[in-house]
Amino acid sequence: MPDASLFQPYALGPLTLANRVVMAPLTRSRAAAGDVPQALNATYYAQRATAGLIISEATQISQQGKGYAFTPGIYTPQQVAGWRLVTDAVHAAHGRIFAQLWHVGRISHPDLQPEGGLPVAPSAIQPEGQAFTEAGFKPFVTPRALAEAEIPGIIADYRHAAACALQAGFDGVEIHAANGYLLDQFLRDKTNQRTDSYGGSLENRTRFLLEVTEAVTAVWGDNRVGLRISPTSPANDIADSNPQRLFGHVVKALDRFGLAYLHVVEGATGGPREAVPGFDWLALRRGFRGAYMANNGYDLALAQAALKEGRADLIAFGRPFIANPDLVQRLRHGSPLAKLDQATLYGGDAHGYTDYPPMVQAAAAQ
Ligand code: 8OZ
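Residue numbers are given in my numbering: position 112 of the sequence shown equals residue 996, and the series is strictly consecutive.
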C-alpha cells in the first residue's frame, strides 16, 4: 500500500489544505507593463490550483526590490487589481495561494532601479554574475550600502506590500529570506560586513529579518505568514562561514512569531541537495513550532518518505509544476511527468506557460 499521507488534508493555521503538495514559488517573468499581473497569469495559477497551497512567484515589494525584467510587484493599486484576478481564479478553482514578498537587494541592476540608481545591500560588495534586464543580461554592479536610517523605510515597504497582498485576496504571505536576496544578504557574513546594529554578531545580522517579520505578521496575524530560507544554497553568490550555527539561531529567533510554516530549500537551489555535506536539517525542524515545508529535488518517493518519517509536514515542488499543471493527480496515480521546455521558462507569452496540458487531455490527444 503506498503511503497516502501526501494526499491527506493538512491544517495550516486557520486554513485546511486539500493535500500536502505545495507549488513552490517560480519566477516566470510574464507580468504586463507596470509589473502588473494579467489574465494570462490568472489562468496559469488556476490551472495549478489542485496543489494544497500555491506560493506565488517572487513579487517585489517596491521598485527598489526589483532585480529581473517582467517580474510582478505588489505595491501599486494596478498591481493589487492584477493580483485580484489571480486570487479570484485560484479560489474559484478551490485552491489556496500565498504571495511571496521579495526584495532582491544587490541582485539587480541600475536599469531596473528607480531613476537608474544603484541597487542597495547591507555592504557595498559586488556579486558575481549577471542581471536579467529588459535589454538582456548585464553584469552586476557594486551596490550601495544602506544607511541605517534607510532601514525603517524598507520595513515600511514590506508592511505596505503585506497590506496590498491582503487587499488583493491572498490567503497569506511568504517572506522570501532565501537565495541570496536582501534578507539573506543581511544574515550572512560574506555579504554583511556592517559595523552598526545590523552587522557583526548573529543577533545583529538577524535583526533586519526579525523586524520585517514583525511588520508583516502585524498586518496578517502570525499564522498566515510563512518564511523561506536556503541555508546551504550558494544561489546569487551568497555564503556564510557557519550556516548551521547561523540558521539554528535564525529559526529559534523566528519561533516566537508563531509563523504558519518554515519553507526550507534543502541544498543548492534547483541543484544538488548535498550542497554542504552533513548539514542537519532536522535541527532546524526541532527548533521551530510551526509546519516544516521541505523543498528541492523532491519526487514522490522522497516526499512520502519525508512525511512518513516526520522530517516534513508539507512538500514544495517547483519545476515539476511548470510542465505538469495537474501534478497532484499525476503523483497520486504514479503517472509519468512531462518535461519542461527551458527556452520558455522566463519571459514570453502563453507558450510554455499555460499550454502544458493536463494528463487526461495529453492522453486524449495521442
Ligand atoms: C530564478 C530566476 C529568477 C528569480 C529565487 C526569485 O531564486 C528567484 C528566482 C529564481 O528565489
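Cβ coordinates follow ideal geometry from the N, Cα and C atoms, glycine included.
Small disclaimer: the values here were computed from a predicted structure and weren't measured.
Own chain residues within Cβ distance below 7 angstroms of residue i, not counting five before or after
i: D1121; result: P1011, E1012, G1013, G1064
i: L1002; result: P994, V1025, P1027, R1028
i: D1225; result: G1236
i: I839; result: Here the chain comprises residues numbered 885 to 1250, so residue 839 is not present and cannot be evaluated.
i: T900; result: P893
i: S913; result: Y952, A953, F954, T955, Y1230, G1231
i: A1045; result: I945, I958, Y959, L985
i: R932; result: M907, I938, F1205, P1209
i: V1212; result: N903, V905, T934, A935
Residue i: CB within 7 angstroms of a non-hydrogen atom of the ligand 8OZ
i: A908; result: no
Separation of residue j from residue i, as counted between CA atoms
i: A965; j: A973; result: 13 angstroms
i: L890; j: I1206; result: 19 angstroms
i: M1177; j: K1022; result: 34 angstroms
i: A930; j: R1091; result: 37 angstroms
i: E1032; j: P961; result: 29 angstroms
i: K1192; j: Y1182; result: 14 angstroms
i: V1134; j: A977; result: 36 angstroms
i: Q1051; j: Q963; result: 11 angstroms
i: Y1240; j: R1129; result: 42 angstroms
i: G1202; j: N903; result: 16 angstroms
i: A1008; j: T1075; result: 8 angstroms
i: A1234; j: K1223; result: 17 angstroms
i: H1060; j: R1112; result: 5 angstroms
i: P1242; j: P1204; result: 13 angstroms
i: A1062; j: A908; result: 13 angstroms
i: A1005; j: L1066; result: 7 angstroms
i: A1175; j: D1073; result: 28 angstroms
i: H855; j: D1210; result: Here the chain has residues from 885 to 1250 only, and residue 855 is not among them.
i: Q1055; j: G918; result: This sequence places Asp at residue 1055; Gln is not what is there. In a straight line, the C-alpha of D1055 is about 24 angstroms away from that of G918.
i: A1152; j: A1144; result: 24 angstroms
i: E999; j: K1136; result: 39 angstroms
i: F1141; j: T1101; result: 8 angstroms
i: L1221; j: L1215; result: 8 angstroms
i: D1041; j: S1219; result: 44 angstroms
i: R1108; j: V1057; result: 7 angstroms
i: V1149; j: F1131; result: 12 angstroms
i: A864; j: E1034; result: Absent from the structure is residue 864, since the part of the chain shown begins at 885 and ends at 1250.
i: D1106; j: L1146; result: 12 angstroms
Enclosing alpha helix (DSSP H) for residue i [first to last residue]
i: T911; result: Neither: T911 is in no alpha helix (DSSP H) and is coded neither H nor E.
i: N925; result: 923-931
i: E1098; result: 1086-1104
i: L1067; result: 1066-1071
i: T971; result: 961-976
i: A1167; result: 1165-1170
i: L896; result: Element bounds for L896: not the alpha helix (DSSP H) but the beta strand (DSSP E), 894-896.
i: L901; result: Run containing L901: none in the alpha helix (DSSP H); it sits in the beta strand (DSSP E), 899-901.
i: A1137; result: 1127-1138
Neighbourhood of residue i by C-beta distance below 6 angstroms, restricted to the same chain and skipping five residues each side
i: P1127; result: P1115, T1116
i: M885; result: Residue placement at M885 is poorly supported in this model, since its pLDDT is 42, which falls under 50; the coordinates still yield a value, given next. Cβ neighbours of M885 beyond the five flanking positions: none.
i: Y1016; result: Checking the sequence, you will find Phe at residue 1016 rather than Tyr. If we look at F1016 and ignore the five residues flanking it on each side, its Cβ neighbours are Y952, A953.
i: L937; result: L901, V906, R980
i: T927; result: T1238
i: P898; result: none
i: L1283; result: Because the chain in this structure spans residues 885 to 1250, residue 1283 falls outside the shown range and cannot be described.
i: A1187; result: L890, I1199
i: V1160; result: T1116
Contacts around residue i, its chain only, beta-carbon distance under 8 angstroms, and the 5 residues preceding and following it disregarded
i: G915; result: It should be pointed out that residue 915 corresponds to Ala in this sequence rather than to Gly. Closer than 8 angstroms at the Cβ level, and outside the excluded window around A915, lie P921, Q922, N925, F954, T955, P956, G957, G966.
i: A1227; result: G1236
i: A1190; result: A1178, Y1182, A1196, I1199
i: A1047; result: V1103
i: R1043; result: A1099, V1100, A1102, V1103
i: R1157; result: E1150, G1151, N1180, G1181
Endpoints, the beta strand (DSSP E) within which residue i is located
i: R1112; result: 1109-1113
i: K1022; result: 1020-1023
i: E941; result: 937-944
i: F982; result: 981-986
i: L1146; result: 1145-1149
i: F1016; result: 1014-1017
i: I1199; result: 1198-1201
i: G1056; result: 1056-1060
i: Y1042; result: Here Y1042 belongs to no beta strand (DSSP E); instead the alpha helix (DSSP H) covers 1035-1051.
i: A1175; result: 1175-1179
Beta carbon proximity, residue i to chain B, threshold 8 angstroms
i: P1006; result: Here chain B cannot be found, since the structure has a single protein chain.
**Q.** Heavy atoms of the ligand PLP versus C-beta positions, residues under 5 angstroms
**A.** With respect to the ligand PLP, the structure offers nothing, as its ligand set consists of the ligand 8OZ.
Q: Evaluate contact between the stretch 1150-1166 and the stretch 893-901, counting only Cβ atoms and requiring at least three cross-stretch pairs below 8 angstroms.
A: no
Q | Stretch pair the stretch 981-991 + the stretch 927-944: three plus CB contacts closer than 8 angstroms | A | yes
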